[in-house]
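So in numbering that gives the first Met the number 0, spot 367 of the sequence shown is number 366, and the numbers just go up one at a time.
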Amino acid sequence: MKDVFLLAGARPNFIKIAPLDAALRSRGISTTLVHTGQHYDAKMSDVFFRDLGIPEPHVHLGIGPGDRHAQTKRIMDALVPLLRERKPDALLVVGDVTSTAAGAMAGVAAGVHVIHVEAGLRSFNWRMPEELNRMIADHHASLLFASEPVALEHLSAERIPSEKVHLVGNVMIDSLRRIEPVAAASDMLARLGLSEKTYGVLTLHRPENVDDPVVFRNLWETIHIVADRLPLVFPVHPRTKSRIESLGLASHADVRMIDPVGYVEMIALLRSAKGILTDSGGLQEEAYGLNIPCLTLRGETERPLTVEQGTSEIVGTSRDRIMDAFDRLMSGAWKTPTPYELWDGHTAERIADIIERTVFPPMTDTP
Ligand code: UDP
């Protein structure tokens, strides 16, 4: 029986791993879920296991907080001996967080094939730690699964052999489709006293937005101007919370700051929102999947499909651009998305089919 280790460490990883674990197991492939502990608290980790019905991790590396270097070292120190001892057929990593890159390097160091799901995305913004994580994972992987066509161009430009690469669609949409009915039945809106399409959802956590005081103060003022016209619900990422506190940023009665919410609660909030303001990659995709206008508070995106065919618009952090897009959102003059056939909720099944028929020869050299 084939044995695949699934590595997850942070919030967006859990959402991606859930459908993959289910699809692999349904094909009789044995999975071992390894939690690195990069995100370790109840609100950023445990709730996703509950909401998505992910089994308890078989192994918890317990690496805890720290900078990228410290976390990378701890993950590799713990994972390399584990992989050498257990010798799975492959180690599957998802997305672009520290655990993704560290896991990919650990896999190759231990002589285990690496599979990267969400391969080939590039923002070409080197201030994003995620950009390096993506490249490290792609260049260590023996099997790469891409979510949108542009990824194939990036991987080809980086001379990654095309036979390793499969365009399969987006596992985030698999989880979204699975959880939508549950979210629709949730009482989240009632609990917050919200009604359909009368509020926006805001998330912010990218270092380039929240770590630079000038950028963050300016963005915060713009958010207040938006909130004067559309009340915002803002589940606050722990990093952002500490920046708001240390900068002493003023509150606004209609920017409702709440703790990070679970996945069901988040999808319940998103699906009924009038619009989304975010710097999150996952939210851009969910906005497309739910057909909700999305102002992407970044200078670029590694997920261009969400702009070209989806509901997202890149607005950066300048007040003029944000307010121009916001005016159009409020007037209802937003673009209509066109569906992309591979974002159909069945990506994990396609990935599992390919893994099932792939022969993983003993690894003699780097991939
Ligand atoms: N999310 C959530 N609760 C929150 C904030 C986000 O469930 O309070 C979900 C969101 O719907 C998306 C994922 O977490 O599926 C995105 O995670 P994040 O923004 O941390 O990472 P990114 O997508 O930018 O890598």
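The beta-carbon is built from N, C-alpha and C at its ideal position, and this holds for glycine as well. Bear in mind the structure is a predicted one, so any value in this text is a computation, not a measurement.
Here A252 is exposed. Its C-beta has fewer than 16 other C-beta atoms within 10 Å. Membership of S161 in any alpha helix (DSSP H) is not indicated, and neither H nor E is assigned to it by DSSP. For F144, the uninterrupted beta strand (DSSP E) segment begins and ends at L142 to A145.
The beta-carbon separation of T97 and Q70, rounded to 5 Å, stays under the 8 Å limit for a contact. Note that the C-beta distance between H153 and G199 is not below 7 Å. If you draw a straight line from the Cα of D88 to the Cα of V3, it is about 6 Å long.
Under the three-state reduction of DSSP output, G288 falls in the helix class. For V209, the enclosing alpha helix (DSSP H) stretches over residues P206 to V209.
Here DSSP, grouped into helix, strand and coil, assigns I62 to coil. Beta-bridge pairing by DSSP links I275 to V200 and C293. The continuous beta strand (DSSP E) containing A7 extends over residues D2 to A7.
Not one heavy atom of the ligand UDP falls within 6 Å of the beta-carbon of V3.
V232 has its alpha-carbon roughly 24 Å from the corresponding atom of T335.
By the criterion of a C-beta distance shorter than 7 Å, A226 is surrounded in its chain by H251, D253 and V254, once the five residues flanking it on both sides are discounted.
Taking C-beta atoms under 8 Å as the contact rule, R318 and T221 qualify, at a distance of about 5 Å.
For Y198, the shortest C-beta to heavy atom distance toward the ligand UDP is 6 Å or greater. CA-to-CA, the gap between V93 and G247 works out to about 36 Å.
A101 counts as buried, since at least 16 other C-beta atoms from the protein chains shown sit within 10 angstroms of its C-beta. When H236, A249 and D352 are compared, the shortest CA-CA separation from T277 is found for H236. E147 counts as buried, since no fewer than 16 other beta carbons sit within 10 angstroms of its beta carbon.
Annotated three-state conformation of R126 is coil, per DSSP. With fewer than 16 other beta carbons inside 10 angstroms of its own, I224 counts as exposed.
Under the criterion of beta carbons closer than 8 Å, P56 and H34 qualify as touching, at roughly 4 Å.
For L175, there is no enclosing beta strand (DSSP E); the residue is part of the alpha helix (DSSP H) that begins and ends at V170 to A183. Counting along the chain, no beta strand (DSSP E) covers L120, and no H or E run does either. Sixteen is the threshold: when 16 or more other Cβ atoms of the shown chains lie within 10 Å of the Cβ of K15, as they do, the residue is buried.
Only residues of its own chain outside the window of five on either side were considered, and among them F144 and V167 have a CB closer than 6 Å to the CB of I350, listed in chain order.
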